[in-house]
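Here the protein sequences come in this chain order: A and B. When the first sequence is numbered by this note's numbering, its final residue is 450 and no position is left out of the sequence of numbers. When the second sequence is numbered by this note's numbering, its final residue is 670 and no position is left out of the sequence of numbers. Heads up, the beta-carbon is just placed ideally off N, CA and C, and yes, glycines get one too. Remember, predicted model here, so these are calculated numbers, not experimental data. Below is one structure, written out as structure tokens, with a few remarks after it.
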Amino acid sequence: MTSLRARAVSGGILWAVVIIVLGLAGISSYMTAQTQARFTDLVQARHSQAVVAVSNNGASAVNLVRAIGDPVYQRPFSGQYWQVEGSEGQLYRSPSLVDASLPRPNTTQGGRVAREYRGPNGDPVFGIAEWLTLPDGSLWHIQVASSLRSLEADTQELRQTLLTAFAIIAFVGVLGALAQVAVVLQPLNTLRKEVSTRWEHENGLSVDSYPIEVAPLVTDINSLMDRNREIMSRSRRQAADLAHAIKTPSAIMRNELDTLRSKGVAVQDSIDALDRLDAQLKRSFARMRADGTDGAVGVVTELDTALGRMKRAFEALSRNSDKTFSATFDEGLRVRMDQSDFEEVMGNLLDNALKWAASQVRLSASQADQGTVMITISDDGPGIPKEERSRAMDSGQRLDTSKPGTGLGLAIASDLVHAYGGKIILSQDEDLGGLAVQLSLPAAAAQRPD
Amino acid sequence: MRILLAEDEPVLAGQIRDTLKSEGLTVDIASDGAEAQYLGETEPYDLIILDIGMPIRDGLTVLRNLRTGGNDVPILMLTARNDWTDRVDGLDAGADDYVTKPFHMAELSARVRAMIRRKAGKSNPVFTKDEVSFDSRTNQVMVNGVPASLTAQEIAVLSYLFHNAGRLVSRTELSEHIYQYEGDRDSNTIAVFVNRLRKKLGNDLIETVRGRGYVIKAAA
């Protein structure tokens, strides 16, 4: 399992680290060089000042000290020093040197020498030294030195500022990356939600509402869903065709066996075998149907249509047995079930009710809450004793063999209802006194008025 | 009582016909949907047994066409489809009842009789007029509690008149409902059957309205 989010975020962070490290190194080395250059310029300027002072004042210590009057030279060991030596042994120094002196480089004539060395108190300093010949022919060795400590402090501070700045950039960058990933992955989240609630989308997922990168995937999902539906309905058809193909020969055999039996031929074993065959077929088809609903997606049954059909059909059937059937249901109810499965459930339950009813069967349907449609079928028959109700829904259980039937009706209905995530509860009808079958079926969202 | 049996499987059709004939019913067989619809529209049947899966035109289409044509003959659909959707399709299109294959012949003939009786508006399967009683379930005829022996054609005439008790039935109508399609329809033979019935069951049961037909009055 790989996570797109983890990939995007870790990729983003890795990239940001590379950029930040390179950026930090680049900017820091540039800034350090700048600081270094400024420092060198400053030391050079100080040296030039000393040179000018010596040129103007010649060999007068007092004048010299006054001429190079920068206060930093006055404070002992301030880090800024100068030292002027004459060829005839004269030695002038900045008061900041106190009693120390700057070591003279091993050069004799001309040339400017810039170097780093240990200054007063072992302080690392950067110094410039140069021999100067005045117009009067006198020869002077002029040195200035500046402590490197301030430079180091500056560089340190610079580095600190840079680090802080980059830390903030990194933080904002990571937040940005996370936000971006969330925005980019949003359609995938939506897709996941839509796929998990796919049965609500009767016409498939809407491709147009997805970005072009995801749209082909959505199209593929839609065609998979269509294919799923197609396979389901085809296997239903095939099962029905198979049933048709087997049943007519079975009917012929049964009739011939019945005729033989009425003539006194011993054919009971064959009749029993045929009974088993028919029962097994019926059970298998019922199971096939229930299994087939597991992948049912995007199917909705309009109860106005389906219950209307059931109503007309069972009004006709109840007339045949001189019983009455009444159905009352709210308009616009919709359930998330395949219509033929819904009618299979209703047919089995109503048939059962009609078979056992003394004189009447009632059906009512209404919206229980947003997600549930409640359908109740009740009759005025003998009902089912409380302790036998759960057994009544087991496949093949016939509680009472006094009426014809396979004992599959309730079981088929129960299997189908459960396959769609619905519930089925048996109880005694308070009004009619017979069995009441309560169905809670998953409701489909109300149709948009368009 | 004359029945149209629309069933394309010849063996099954033969079995059903034999059973119904043995019970005094007249049976025409149509072996495809087009023939079934033609016969249904042109012949005065008392009931149609309609197989849903038929060649040329399926039973459901035949059913719809008959009903939209205003034909209100009782229709029993015969289906191999196990699905309620198929049964509801048929019932919704105007079928009165259904039997699913495989079925017990006894159940089929019981349904047929019940439907014919219901169509006639009779709820009691035993028809009685004075000392004569006719059990439409068994074709048993009793005079003063003594079983009478009738031929299949005599029963056919008696059954039709009992089912239409209180209504004048012409010879032509009677012959249309007891003879097969393309059968020998001599309405004079009807008079012969009526005379035999009078001999066996008494003169008062069937009244003759001269030049118009016969009637069994005020049967229970």
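(request) Using a Cβ-Cβ cut-off of 8 Å, state whether B:K572 counts as contacting chain A. (result) no
(message) At the level of alpha carbons, what is the spacing between A:V299 and A:V345?
(response) 16 Å
(message) Nearest by alpha-carbon distance to A:K282: which of B:R467, B:N532, B:A484 is it?
(response) B:N532
(request) Indicate the three-state DSSP secondary structure (helix, strand or coil) for B:P597 in the structure shown. (result) strand
(request) Apply the 10 Å Cβ neighbour rule to B:A670 and answer buried if 16 or more other Cβ atoms are within range, or exposed otherwise. (result) Confidence at B:A670 is low in this model, with a pLDDT of 49, below 50, so the placement of that residue should be treated as unreliable; the coordinate-derived value is given next. By the neighbour-count rule (16 or more Cβ atoms within 10 Å), B:A670 is not buried but exposed.
(request) Mind checking which residues open and close the beta strand (DSSP E) that includes B:I453? (result) 452 to 456
(request) Can you give me the start and stop residues for the beta strand (DSSP E) that A:V144 sits inside? (result) 139 to 147
(message) Given this structure, state the Cα-to-Cα distance separating A:S440 from A:K423, to the nearest angstrom.
(response) 5 Å
(message) Less than 8 Å between C-beta atoms, sequence neighbours within five positions excluded: which residues of the same chain meet that for B:Y548?
(response) L526, M527, L528, T529, R537, G540, L541
(request) On the DSSP bridge assignment, give the partners of A:S427 in chain order. (result) A:A436
(request) Would you identify the three-state DSSP class for B:L497, choosing helix, strand or coil? (result) strand
(request) Taking a Cβ distance cut-off of 7 Å, strictly less, list which residues of the stretch 273 to 285 of chain A are near chain B, in chain order. (result) D278, K282, F285
(message) Assuming A:T248 is part of the alpha helix (DSSP H), what are its boundary residues?
(response) 215 to 262
(message) Suppose the cutoff is 8 Å on Cβ atoms and the five residues either side in sequence are ignored; what does the same chain contact list for B:N594 look like?
(response) E581
(message) Runs of 4 residues minimum, wholly inside the stretch 41 to 70 of chain A: which ones carry the alpha helix (DSSP H) assignment?
(response) 61 to 67
(request) Flag A:E230 as yes if its beta-carbon sits less than 8 Å from any beta-carbon of chain B, otherwise no. (result) no
(request) Check the Cβ-Cβ distances between A:D322 and every residue of chain B, and say whether any is below 8 Å. (result) yes
(request) Consult DSSP for A:G308 and reduce its assignment to one of helix, strand or coil. (result) helix
(request) Just the C-alpha distance for A:Q412 and B:I666, rounded to the nearest angstrom, thanks. (result) Inspection of the sequence shows that residue 412 of chain A is occupied by Ile rather than by Gln. Near 49 Å, if we compare the C-alpha coordinates of B:I666 and A:I412.
(request) Taking 8 Å as the cut-off, decide whether the C-beta atoms of B:P524 and B:M555 are in contact. (result) no
(request) Measure the Cβ-Cβ separation of A:L307 and A:R334 and say whether it is below 8 Å. (result) no
(message) For the stretch 466 to 477 of chain B, list every residue whose C-beta sits within 7 Å of some C-beta in chain A, in sequence order.
(response) none
(request) Kindly give me the distance between the Cβ atoms of B:P552 and A:D278, rounded to whole angstroms, as I take these residues to be in contact under 8 Å. (result) 6 Å
(request) Decide if A:L369 is buried, meaning its Cβ has at least 16 other Cβ atoms within 10 Å, or exposed. (result) Leu is not the amino acid found at residue 369 of chain A; the sequence shown has Asp there. Exposed, by the Cβ-count rule.
(message) Is there a Cβ of chain A sitting closer than 8 Å to that of B:D546, yes or no?
(response) yes
(message) Let me check one thing: in DSSP terms, what residues is B:V576 bridge-paired to?
(response) B:D585
(request) Identify the contact partners of B:A530 in chain A, using a Cβ-Cβ distance below 7 Å as the criterion. (result) A243, H244, K247, T248
(request) Could you name each continuous alpha helix (DSSP H) segment of 4 residues or more that falls completely within the stretch 524 to 562 of chain B, going from the start of the chain to the end? (result) 534 to 542
(message) Buried or exposed, going by whether 16 or more other CB atoms sit within 10 Å of the CB of B:D458?
(response) buried
(message) So, at 6 Å on beta carbons, what are the nonlocal neighbours of A:A145 in its own chain, with the 5 sequence-adjacent residues on each side left out?
(response) Y81, L102, G119, V125, G127
(message) Assuming A:F329 is part of the beta strand (DSSP E), what are its boundary residues?
(response) 324 to 329
(message) Can you tell me whether B:L600 sits near the ligand GDP, meaning its C-beta is under 7 Å from at least one heavy atom of the ligand?
(response) Ligands are entirely absent from the displayed structure, and the ligand GDP is therefore not among its contents.
(request) Rounded to whole angstroms, what's the CA-CA distance from A:T155 to A:V52? Just pull it up for me. (result) 31 Å
(request) Quick one: list the residues of chain B neighbouring A:N255, beta-carbon separation under 7 Å, in chain order. (result) Q465, M555
(request) Select from A:S150, A:W131, A:R149 the residue whose C-alpha is nearest the C-alpha of A:I142. (result) A:W131
(request) Compare the C-beta of B:A670 with all C-beta atoms of chain A and state if any pair is closer than 8 Å. (result) Because B:A670 sits at a pLDDT of 49, beneath the cut-off of 50, its placement in the model cannot be relied upon, and the point is left open.
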